[in-house]
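For reference, the structure is listed below as structure tokens.
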Amino acid sequence: MDTIGLLVISAIPTVIGVTQALRFKEKADEEAKKGPKWFNLLCITADESDPLYGAKIVLVGKKLLIDANETTDAFAFKGLFHDYIGTEIPGLVSHIGTDPPALNWIFVEDEEVKYGTGSESKGEGKIIGPWSYKGGMHLQEKASFYAGREVEDGKWELKYGQNNKGTKVLIAMATIENEGS
Numbered sequence: 701m702d703t704i705g706l707l708v709i710s711a712i713p714t715v716i717g718v719t720q721a722l723r724f725k726e727k728a729d730e731e732a733k734k735g736p737k738w739f740n741l742l743c744i745t746a747d748e749s750d751p752l753y754g755a756k757i758v759l760v761g762k763k764l765l766i767d768a769n770e771t772t773d774a775f776a777f778k779g780l781f782h783d784y785i786g787t788e789i790p791g792l793v794s795h796i797g798t799d800p801p802a803l804n805w806i807f808v809e810d811e812e813v814k815y816g817t818g819s820e821s822k823g824e825g826k827i828i829g830p831w832s833y834k835g836g837m838h839l840q841e842k843a844s845f846y847a848g849r850e851v852e853d854g855k856w857e858l859k860y861g862q863n864n865k866g867t868k869v870l871i872a873m874a875t876i877e878n879e880g881s
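First residue of the sequence shown? That's 701 in the numbering used here, and the numbers climb one at a time after it.
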């Protein structure tokens, strides 16, 4: 009888663990049903006094730029993760404007972070993914982003690669609450 009692007592943590795992899975399934999670991107530098610290990532002229201006007429990144066309590679898309509303793929070509249509994002030398977020935006499992040269007043190139000829930056995600599209 003592053996059976010990077996029952030792099984309790297992039952509790399985129950918690099932509840967690149900909650995750419910969250997935709510639809896509839209987010903006921000630039974070090691120095909080750097003008690029907290700057918005914007879309200008087929490139993603770091915009350190307080106010801007540039279109802010508003995107989400989505499987790249015809693959299971996690891609990244963003709205590119509101009139008409359209989405474009985010990709890297020659260390420049760009956006374009499906056909513009394909081709030799273009990196389309996998994109992920692990304490900062990653492309191909690396967070190798840096600020290049200033291209306009307060707007800087967003670069990706090993050259790092600029300020190393972390690209942070700011989730947009209550957004359906």
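From the three backbone atoms N, C-alpha and C, an ideal C-beta is built for every residue, glycine too.
Counting the other CB atoms within 10 Å of its CB gives Gly835 a total below 16, which places it among the exposed residues.
Between the alpha carbons of Ser844 and Asp799 lies a gap of roughly 33 Å. Put simply, of Ala755, Lys763 and Leu780 the residue whose alpha carbon is nearest the alpha carbon of Thr772 is Ala755.
The beta carbon of Gly818 sits closer than 8 Å to those of Ile785 and Trp805, all from its chain and outside the five residues before and after it, given in chain order. According to the DSSP assignment, Gly848 belongs to the beta strand (DSSP E) that extends over Phe845 to Glu852. Listed in chain order, the non-local C-beta contacts of Ile757 below 6 Å within the same chain comprise Leu741, Leu764 and Phe777, local neighbours out to five positions each way being set aside. One alpha carbon belongs to Val808, the other to Lys762, and they sit about 11 Å apart. Sequence-distant partners of Asp747 (beyond 5 residues in either direction) whose C-beta falls short of 6 Å from its own C-beta are missing from its chain. Rounded to the nearest angstrom, the gap between the Cα atoms of Thr745 and Thr867 is 8 Å. Residue pairing from DSSP places Tyr815 in a beta bridge opposite Ile806.
Classified as buried, Lys814 has 16 or more neighbouring CB atoms from the shown chains inside 10 Å of its CB. If you ignore the 5 residues before and after Leu752, its C-beta comes within less than 6 Å of the C-beta of Cys743, Thr745, Ile766, Ala768 and Ala847, all in its own chain and listed in chain order. Glu850 and Glu857 have their C-alpha atoms some 6 Å from each other. For Gly816, the CB contacts under 8 Å within the same chain, skipping 5 residues up- and downstream, are Lys762, Asn804, Trp805 and Phe807 in chain order. By the criterion of a C-beta distance shorter than 8 Å, Glu841 is surrounded in its chain by Pro830 and Ser832, once the five residues flanking it on both sides are discounted.
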